[in-house]
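Working notes, structure below.
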Amino acid sequence: MAAPPLPDQADAVVVGAGHNGLVAASVLARAGMRVCVLESSDQLGGACRTEYPFAAAPRLGVSTGAYLLGPMPPEVLARTGLRVRLIPRRPHGYFLLEDARPVALGLRGGGVNLRDQDRARLPAFDAAVDAIRDDLAPLWLKEAVTLEESVRHVRATEAPGLGVPVREVYRRLAFGSVGDFFALLDLEDSALTAVLASDGLVGSARGYAEPGTGMNFVAHNMLRLPAGDRWSPGRPSDPEGPPPAPLAAWQLVEGGMGAITAGLAAIVRELGGVVAAATPARGIETEGGRVVAVRAEGGRVRAPIAILATDPVRALALCADPSLAPLAARVRALASPGTSLKVNLALRALPRVVAAEHLPVVGTSEVALRGTVHIVPTGEVLERLERARRAALAGRTPDPFNALIDVYTHTAADDSLRDPDGRHTMSLFVQWVPPRMAQTAAEAFARDLVRGPVARVLPDLPGLIEDMLVLPPLGIEARFGITGGHIHHLENAHAFDRRLPCRTPVRGLLLGGAGCHPAGSVIGCAGLIAAEAALEDWGLSGSARPGA
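Quick look at the structure:
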């Protein structure tokens, strides 16, 4: 598709058509601004896209990068006007205990095989996470306060079942590790601990006991989107009734994650904005400490506002204004490469899930696959995960049986992604791999994972694969344009004022990518905050423009 002609002048130019850039653009366009969005790739969406990458199944859709929607606040949907259909996942998660007995999180009765103490501790876990989420939610919608101040926003009442104030629980997470939080819970089963704590490890190079994983855990539990329909026709209902209204759950987007960014791009265009793919920005022009224009492939757009919604390394490389030097140095100090592996598979049929039929509230493999299938090591679980992490950081391919693997089968819940032959997609998200892992090594490791630890839970899987797309960190960098292939742009260990701000020393130049407050994931708050800062700085309303 040919890129549209660029306007000579706009009220704002947004660089990067990932979800944050398109959130910013849609908010500005809804305020009456003339917006131009520049995207270097020939596909919109950044890592939030639906693709058809399989040569063996070219009509089979998959979310190749980001795969679930969770911490995007409902306020982002309201401010942009975005409408997508959310598909709840029941169970949220399925995994096997050490003795191979199954657990299904998110279904009443799904924890029947847990030890009595662990089952009794889960309500305390939920209550603490819910309280922290609710108290921090307003802070995610505005420019960052200090991390210390964020603690004061969390209630000082006692966390039920934990014997300490909720504020103290959050303090441990804010300044410590996810392990510090789980020390309060004192769970007996290490597989359950690993599954619940994995929210602090996803996308991070840091370990269970390492400071910073606590804030990564918080970011992954800021889940406030209302669930969609609880049960679709033909799905078995829980005989005891579904659990009460789960807001705190990751959900699927019908049509894949690309439905989010396609919907946002459509809003911008409907409001008269230009969204130009295959049109990389080449530089930001400034005069007297303020933005005057953005140079792009195929043109120059005069504009007083530029929102850079790419990763921060690429963003700051676009502007040579000397006042940005301290911010660029800060980015260099914070940036780190990714250590995650994404494996997308095309399957001729769904695999069997071990022991699914032994848990009455699940009953079938198809139901188990509608949520995340968690695969963790056996034996010394946390110790083996740490061995995998240390091997990866040393540049070695880990033992596949030490890996932390999340398995997603979106087509088990979303028929819109299946092809006419009824094929399915499955994705593995794996922690940890070497940051500079070669493609051939990544593909060999993916095969070892499928034949090894994954086959322990999905024994039929190796014989059902028709094609695969393997993305190590360098592959993530190349495909989605993220420096170093870090899925969060910067570690989520950096939070609030320790993350990047939206404002820069250059007037009209704003940062709106995932490296900014509040966190990296498909959230949209960074784009929303940047857009609202632009509106505030220029005193804009629905009809006022910077040049007016």
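Residue numbers (the working numbering): 91 to 638.
The beta-carbon is built from N, C-alpha and C at its ideal position, and this holds for glycine as well.
Would you mind sorting alanine 210 into buried or exposed? The rule is 16 or more other CB atoms within 10 Å of its CB.
Taking the sequence shown and counting its residues from 1, the one referred to as residue 210 is at position 120. The C-beta of alanine 210 has fewer than 16 other C-beta atoms within 10 Å across all chains shown, which makes the residue exposed.
With DSSP as the reference, please indicate the residues paired to glutamate 375 in a beta bridge.
Numbered from its first residue, the sequence shown carries residue 375 at position 285. The partner list for glutamate 375 (beta bridge, DSSP) reads Ala383.
Quick check: what's the CA-CA separation for alanine 386 versus valine 365?
Along the sequence shown, one-based indexing puts residue 386 at 296. Along the sequence shown, one-based indexing puts residue 365 at 275. About 13 Å.
Starting from glutamine 133 and walking both ways along the beta strand (DSSP E), at which residues does that stretch end?
Sequence index remark: in the sequence shown, residue 133 carries index 43 (1-based). From DSSP, glutamine 133 is part of no beta strand (DSSP E); its letter is neither H nor E.
Going by DSSP in three states, methionine 516 sits in which element: helix, strand or coil?
Your numbering for residue 516 matches position 426 in the sequence shown. In this structure, methionine 516 counts as strand in the three-state DSSP scheme.
What do you get for arginine 180, buried or exposed, if any count of 16 or more other CB atoms within 10 angstroms of its CB means buried?
As a working note, residue 180 is residue 90 in the sequence shown. Buried: at least 16 other Cβ atoms inside 10 Å.
Using C-beta distances below 6 Å, list every residue in its chain close to alanine 439, excluding the 5 sequence neighbours before and after it, in chain order.
In the sequence shown, counting from the first residue as 1, residue 439 sits at position 349. Correct list, in chain order: Leu554.
Under three-state DSSP, which class holds cysteine 138?
Counting from one through the sequence shown, the residue named residue 138 turns up at place 48. Note: cysteine 138 maps to coil in three-state DSSP.
Within its chain, find whatever has a CB closer than 7 Å to the CB of proline 250; leave out the 5 residues flanking it on each side and keep chain order.
If you number the sequence shown from 1, residue 250 lands on position 160. Cβ within range, chain order: Ala214, Ala217.
Beta-carbon proximity list for alanine 190, same chain, < 8 Å, skipping 5 on both sides
Against the sequence shown, residue 190 aligns to sequence position 100. Val444, Ala445.
The alpha helix (DSSP H) enclosing serine 280, as first and last residue numbers:
Taking the sequence shown and counting its residues from 1, one reaches residue 280 at position 190. Per DSSP, serine 280 belongs to the alpha helix (DSSP H) from 280–287.
Just to confirm the assignment, what range does the beta strand (DSSP E) spanning arginine 392 have?
Along the sequence shown, read from residue 1 onward, the residue named residue 392 stands at position 302. Secondary structure note for arginine 392: its beta strand (DSSP E) is the uninterrupted segment 389–392.
Thinking C-beta only, is isoleucine 619 closer than 7 Å to cysteine 592?
As a first step, residue 592 must be located in the sequence shown, where it is residue number 502. As a first step, residue 619 must be located in the sequence shown, where it is residue number 529. Yes.
Just to check my reading of the structure: asparagine 434 and leucine 559 have Cβ atoms closer than 8 Å, yes? What is that Cβ distance to the nearest angstrom?
Here residue 434 corresponds to residue number 344 of the sequence shown, with the count starting at 1. Here residue 559 corresponds to residue number 469 of the sequence shown, with the count starting at 1. Correct: roughly 4 Å between the Cβ atoms.
N-terminal and C-terminal residue of the beta strand (DSSP E) that asparagine 311 is part of:
Position 221 of the sequence shown, counted from the first residue, corresponds to residue 311. Careful: asparagine 311 lies outside any beta strand (DSSP E) and carries neither H nor E.
Within 10 angstroms of its Cβ, does proline 192 collect 16 or more other Cβ (buried), or is it exposed?
Translated into positions along the sequence shown, residue 192 becomes position 102. Classification for proline 192: buried.
Please classify glycine 345: does DSSP put it in a helix, a strand, or coil?
Reading the sequence shown from its first residue, position 255 is the one you call residue 345. Glycine 345: coil per DSSP, three-state reduction.
Could you say which of Asp279, Asn306, Pro228 lies nearest to leucine 263 if we only look at CA atoms?
For the purposes of this step, residue 263 is identified with residue 173 of the sequence shown, where counting begins at 1. Nearest C-alpha to leucine 263: Asn306.
Using only alpha-carbon positions, find the residue among Arg120, Thr140, Arg392, Asn311 that is nearest to glycine 598.
Residue mapping note: residue 598 aligns to position 508 of the sequence shown, counting from 1. Among Arg120, Thr140, Arg392, Asn311, the Cα nearest to that of glycine 598 is on Arg392.
From the DSSP output, in three-state form, read off leucine 172 for me.
Locating residue 172 in the sequence shown gives position 82, where the first residue counts as 1. Three-state result, leucine 172: coil.
State the Cα-Cα distance for the pair alanine 194 and leucine 237, rounded to the nearest angstrom.
For this step, residue 194 is matched to residue 104 along the sequence shown. For this step, residue 237 is matched to residue 147 along the sequence shown. It is roughly 35 Å from the alpha-carbon of alanine 194 to the alpha-carbon of leucine 237.
According to DSSP, what are the bridge partners of isoleucine 495?
Counting from one through the sequence shown, the residue named residue 495 turns up at place 405. Answer is Ile465, Val520.
Measure from the alpha carbon of tyrosine 431 to the alpha carbon of each residue in Glu567, Ala585, Gly379, Thr468, then state which is nearest.
Residue mapping note: residue 431 aligns to position 341 of the sequence shown, counting from 1. Note on identity: in this sequence residue 431 is leucine, with tyrosine being the wrong assignment. Glu567 is the residue among Glu567, Ala585, Gly379, Thr468 whose C-alpha sits nearest the C-alpha of leucine 431.
According to DSSP, is arginine 438 part of a helix, a strand, or is it coil?
Here residue 438 is taken as the residue at index 348 of the sequence shown, counted from 1. Here arginine 438 sits in coil by DSSP.
Alanine 624 vs isoleucine 465 beta-carbon contact at 7 Å
On the sequence shown, residue 624 is found 534 positions in, with the first residue counted as 1. On the sequence shown, residue 465 is found 375 positions in, with the first residue counted as 1. Taking 7 Å as the Cβ cut-off, alanine 624 and isoleucine 465 do not qualify as a contacting pair.
As assigned by DSSP and simplified to three states, the class of alanine 366
Indexing the sequence shown from 1 puts residue 366 at position 276. It is a strand residue.
Going by beta-carbon coordinates alone, are alanine 119 and valine 381 separated by less than 7 Å?
Indexing the sequence shown from 1 puts residue 119 at position 29. Indexing the sequence shown from 1 puts residue 381 at position 291. Against a cut-off of 7 Å, the Cβ pair of valine 381 and alanine 119 comes out as no contact.
For leucine 599, the first and last residue of its enclosing beta strand (DSSP E)
Translated into positions along the sequence shown, residue 599 becomes position 509. Taken as a continuous stretch (DSSP letters only), the beta strand (DSSP E) holding leucine 599 covers 599–601.
What residues match up with serine 153 in a beta bridge as DSSP calls it?
For the purposes of this step, residue 153 is taken as the residue at position 63 of the sequence shown. BP columns for serine 153 point to Thr140.
Hey, how far is the Cα of alanine 221 from the Cα of glutamate 248?
Stepping through the sequence shown from its first residue, residue 221 is reached at position 131. Stepping through the sequence shown from its first residue, residue 248 is reached at position 158. When rounded, the separation of the alpha-carbon atoms in alanine 221 and glutamate 248 is 11 Å.
To the nearest angstrom, how far is it from the Cα of proline 334 to the Cα of histidine 310?
Against the sequence shown, residue 334 aligns to sequence position 244. Against the sequence shown, residue 310 aligns to sequence position 220. Low confidence applies to proline 334: its pLDDT is 40, below 50, so where it sits in the model is not reliable, and the reading given next is rough at best. Proline 334 and histidine 310: Cα-Cα distance of roughly 21 Å.
Just to confirm, is the Cβ distance from tryptophan 522 to alanine 482 under 7 Å?
In the sequence shown, the residue the question calls residue 522 occupies position 432. In the sequence shown, the residue the question calls residue 482 occupies position 392. Note that the C-beta distance between tryptophan 522 and alanine 482 is below 7 Å.
Measure the alpha-carbon distance for proline 51 versus alanine 281 and round it to whole angstroms.
Look at the range of the chain in this structure, 91 to 638, and you will see that residue 51 is not part of it.
Just to confirm the assignment, what range does the beta strand (DSSP E) spanning phenylalanine 185 have?
Residue numbering aside, residue 185 sits at position 95 when the sequence shown is read from its first letter. Annotation: the continuous beta strand (DSSP E) that includes phenylalanine 185 extends over 183–186.
Could you say which of Leu518, Pro525, Thr530 lies nearest to alanine 545 if we only look at CA atoms?
Within the sequence shown, residue 545 is the residue found at index 455, counting from 1. Considering only alpha carbons, the answer is Leu518.
DSSP three-state label for glutamate 556, please.
Residue mapping note: residue 556 aligns to position 466 of the sequence shown, counting from 1. For glutamate 556, the secondary structure class from DSSP, reduced to helix, strand or coil, is strand.
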